[in-house]
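Numbering (our numbering), first residue to last: 19 to 162. Glycine included, every Cβ here is placed at the ideal spot set by N, Cα and C. Comments concern the structure below.
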Amino acid sequence: MYISSKRGVKMTKLSGFNVRSSRQTEWIDITAGVQQAVADSGIAEGICVVFVPHTTAAVTVNENADPDVPRDVDYALNMISPDRVEFRHGEGNSAAHAKTSLVGPSITLIVTGGRLLLGTWQGIWFNEYDGPRTRKVHVRVMGE
Ligand code: ZN
């Protein structure tokens with residue numbers, strides 16, 4: 019069933035960019051890349067979905083001022099999902115798959131005034147859990 023309205027979504031734009039990780043576990047600040055995708059879309063008011071098409075990498079919003087925050091979140095995730103001899107997956111990266119499920123493959127953000135609505139201390143992070151690799155980030159902007 020479709021729901022229509024007089025003020026429906028008027029524009030939608032799909033774009034993306036690559037991210038190159040250099041370590042097995044790494045937090046990469048992609049705020050500027052996503053902000054650029056929003057600017058390029060020409061959409062002023064709407065939403066932005068950031069999606070990572072990988073099973074051992076994720077995306078999250080968290081503090082990008084103090085580098086100890088990513089370090090401490092990694093410490094917490096390593097306590098939740100350490101490498102275990104009980105893991106069966108033949109690729110040997112089950113801890114990375116588990117962390118990816120915990121953090122998640124996508125985030126939804128608010129776009130207003132042609133920019134992402136983020137808190138003062140918030141940044142968008144690409145979370146690598148099985149690098150180094152070249153990864154993709156997809157960005158869908160919808161609005162008017
Ligand atoms: Zn695997």
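Original post:
Under a criterion of Cβ closer than 6 Å to any non-hydrogen atom of the ligand ZN, which residues qualify, in chain order?
Top reply: H107, E109, N111 and H115
Original post:
Under the rule that 16 or more other beta-carbon atoms within 10 Å means buried, what is R38, buried or exposed?
Top reply: To locate residue 38, count along the sequence shown from 1; it is residue 20. Under the 10 Å beta carbon count, R38 is surrounded by fewer than 16 other beta carbons and is classified as exposed.
Subject >> For V129 and S33, the rounded distance between their alpha carbons >> reply: Taking the sequence shown and counting its residues from 1, one reaches residue 33 at position 15. Taking the sequence shown and counting its residues from 1, one reaches residue 129 at position 111. If I take the Cα positions, the gap works out to 15 Å.
Original post:
Going by C-alpha distance, which of N145, G131, V70 and A55 is nearest V164?
Top reply: The structure shown does not extend to residue 164, since the chain spans only 19 to 162, so no value can be given for it.
Subject >> Straight-line Cα distance separating V79 from H72 >> reply: Here residue 72 corresponds to residue number 54 of the sequence shown, with the count starting at 1. Here residue 79 corresponds to residue number 61 of the sequence shown, with the count starting at 1. As the crow flies, the alpha-carbon of H72 is around 17 Å from that of V79.
**OP:** Compare the C-beta of R153 against all C-beta atoms of chain C and say whether one is closer than 7 Å.
**Re:** Annotation note: the requested chain C is absent from the structure, which comprises a single protein chain.
**OP:** List the endpoints of the continuous alpha helix (DSSP H) containing S119.
**Re:** Counted from its first residue, the sequence shown places residue 119 at position 101. Where S119 is concerned, the enclosing alpha helix (DSSP H) stretches over S112 to V121.
Original post:
Can you check whether the CB of I61 is closer than 7 Å to the CB of V159?
Top reply: What you label residue 159 is simply residue 141 of the sequence shown in a count that begins at 1. What you label residue 61 is simply residue 43 of the sequence shown in a count that begins at 1. A contact, by the Cβ cut-off of 7 Å.
**OP:** Identify which residue in L95, W139 and D58 has its Cα closest to the Cα of A83.
**Re:** As a position in the sequence shown, residue 83 is number 65, starting the count at 1. Of the listed residues, the one whose Cα sits closest to A83 is W139.
Original post:
Among all the DSSP beta bridges, which residues are the ones paired with M160?
Top reply: Along the sequence shown, one-based indexing puts residue 160 at 142. DSSP lists T30 and I65 as partners of M160.
**OP:** Under the assumption that K154 contacts N36 (Cβ atoms under 8 Å), give the Cβ distance between them as a whole number of angstroms.
**Re:** What you label residue 154 is simply residue 136 of the sequence shown in a count that begins at 1. What you label residue 36 is simply residue 18 of the sequence shown in a count that begins at 1. Indeed, because the Cβ distance is near 6 Å, the residues count as touching under 8 Å.
**OP:** Tell me where the alpha helix (DSSP H) around V56 begins and ends.
**Re:** For the purposes of this step, residue 56 is taken as residue 38 along the sequence shown, with counting starting at 1. That run of the alpha helix (DSSP H) goes T49 to S59.
**OP:** Starting from N36, follow its DSSP beta bridges and name the residues at the other end.
**Re:** Locating residue 36 in the sequence shown gives position 18, counting from the first residue. DSSP output for N36 lists K154 as bridge partner(s).
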